[in-house]
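Presented below is the structure to which this report refers.
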């Protein structure tokens with residue numbers, strides 16, 4: 022599989038909540054949020070230089086659980102697969118919740134009244150696509166959805182600047198804000214401004230520089246054909262993540278210089294969606310967000326099904342032989358079961374919410 026296809030698939034895997042969380046952080050914290058966002062690229066860079074290059078003996082495995090089983094035994098393999106499936110279900114449920122939040126911003130949809138139906142329809146569509154598509158179609162779809170999402174940021178920036186008034190004055194106010202004052206960020210005093218202190222910044226960097234072997238993200242290593250390709254995948258995905266961080270800051274700068282006044286504590290994405298500068302912008306933005314969420318969902322769903330079919334099912338059935346036809350059937354059945362379980366969990370947590 023092409024290196025760039027795997028790179029884009031990796032970015033789409035962990036980028037399902039990009040706009041929903043990042044824009045709000047950049048609007049209220051600005052430069053400090055930019056510094057915090059560099060923790061994720063740092064993690065992938067360190068992984069490419071110190072971890073991936075030492076995983077050559079794992080090439081040819083189908084999952085992280087299989088690799089752990091080769092190192093530590095069958096029990097560790099099964100436990101790794103079980104915990105990996107739990108993580109995938111939690112990640113998928115979170116993406117469904119984000120999609121519902123986005124749908125709620127469309128007032129004509131009456132989302133609170135039909136939230137259960139939206140969840141079921143979205144869950145069944147993604148599950149059916151993963152069952153019928155397989156790993157290659159999931160990766161290729163990630164490419165299309167990633168490209169669609171990428172063009173939304175420049176379009177959104179142009180739209181905001183096109184309708185701006187007193188652009189230069191607003192820009193001067195923007196760059197003179199305290200959130201761009203490095204002397205305020207560079208303080209060790211954690212009592213009044215913990216969120217804007219170097220202690221918080223270093224703590225965040227240390228925590229997020231640890232590579233956690235997320236099941237869906239490390240699965241991109243197993244999709245690579247060589248260590249060199251896997252190293253490029255993780256290194257370049259971190260570089261692209263930096264570019265996205267700068268683009269998010271540009272969008273926030275355009276929002277502020279355009280003269281828009283965001284109510285306190287409002288989610289920036291919700292505010293932008295409600296703007297009516299050009300016909301079709303709202304639909305384009307919502308479609309891009311949901312598409313990226315779906316990319317994350319089908320990546321985790323496929324990873325969970327591989328963990329079940331490759332690492333848990335042989336233990337349950339007692340079978341040591343594995344054929345492509347047999348494995349494909351088990352993968353599809355497990356995808357359906359994980360998808361249904363995720364839908365039920367999402368419905369339950371939405372009712373609690």
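In the numbering used here, the protein residues as written are 22 to 374. Note that beta-carbon positions come from the ideal geometry of N, C-alpha and C, so glycine has one too.
Touch test, the segment 44 to 61 against the segment 235 to 250, Cβ-Cβ under 8 Å, three pairs minimum:
no
Might you give, ordered along the chain, the residues of its own chain that have their beta carbon closer than 7 Å to the beta carbon of residue 357, omitting 5 neighbours on each side?
148 and 152
Whole-number beta carbon distance between residue 305 and residue 293, since they are thought to touch under 8 Å
No, residue 293 and residue 305 are not in contact; Cβ-Cβ is about 12 Å, not under 8 Å.
Below 8 Å, how does it come out for the segment 74 to 86 and the segment 320 to 332: are there three or more Cβ pairs, yes or no?
yes
Does the Cβ-Cβ distance between residue 30 and residue 279 come in under 8 Å?
no
Between residue 359 and residue 109, how many whole angstroms is the CB-CB distance? I'm expecting something under 8 Å.
7 Å
Rounding to the nearest angstrom, what Cα-Cα distance links residue 311 and residue 125 in this structure?
12 Å
Along the alpha helix (DSSP H) that carries residue 191, what are the first and last residues, could you check?
188 to 196
CA-CA distance, residue 209 and residue 219?
Annotation note: pLDDT 48 at residue 209 (below 50); position unreliable, coordinate value reported separately. Each residue's alpha carbon lies about 6 Å from the other.
Delimiting residues of the alpha helix (DSSP H) encompassing residue 291:
289 to 295
Comparing C-alpha positions only, which one of 55, 164, 313 and 189 sits nearest to residue 269?
55
Please name the residue in 196, 251, 363 and 291 whose C-alpha comes closest to that of residue 68.
251
I'd like to check one pair, residue 33 with residue 326: are the Cβ atoms closer than 8 Å?
no
Nearest-angstrom Cα separation, counted from residue 313 out to residue 169
9 Å
Short check: CB of residue 98 to CB of residue 115, under 8 Å?
no
At what residues does the alpha helix (DSSP H) containing residue 339 begin and finish?
Where residue 339 is concerned, there is no enclosing alpha helix (DSSP H), given that its DSSP letter is neither H nor E.
Test item: CB-CB of residue 26 and residue 164 under 8 Å:
yes
Would you mind giving the Cβ-Cβ distance between residue 58 and residue 266, rounded to the nearest angstrom? I have them listed as a contact below 8 Å.
4 Å
Report yes if the C-beta distance between residue 272 and residue 178 is below 8 Å; otherwise report no.
yes
Expressed to the nearest angstrom, what Euclidean distance is found between the alpha-carbon atoms of residue 323 and residue 285?
40 Å
Shorter than 8 Å from the beta carbon of residue 349 to some beta carbon of chain D?
The structure shown contains no chain D; it is built from a single protein chain.
Going by Cα to Cα distance, which pick from 36, 49 and 53 is closest to residue 223?
53
Can the beta-carbon of residue 36 be found less than 8 Å from the beta-carbon of residue 225?
no
Assuming residue 195 contacts residue 367 under a Cβ cut-off of 8 Å, what Cβ separation, rounded to an integer in Å, is found between them?
Wrong, their Cβ atoms sit about 38 Å apart, outside the cutoff.
Residue 215 to residue 229, Cα distance in whole Å?
Reliability fails at residue 215, whose pLDDT of 48 lies under 50, so the model's placement of it is uncertain and no value is given.
Under 8 Å Cβ to Cβ from residue 258, same chain only, skipping five residues before and after it: list those, please.
28, 31, 32 and 65
Just to confirm the assignment, what range does the alpha helix (DSSP H) spanning residue 252 have?
248 to 278
Expected contact under 8 Å - CB spacing of residue 144 and residue 364 to nearest Å
4 Å
Under the rule that 16 or more other beta-carbon atoms within 10 Å means buried, what is residue 20, buried or exposed?
Past the boundaries of the shown model lies residue 20; the chain is included only from 22 to 374, so the question cannot be answered.
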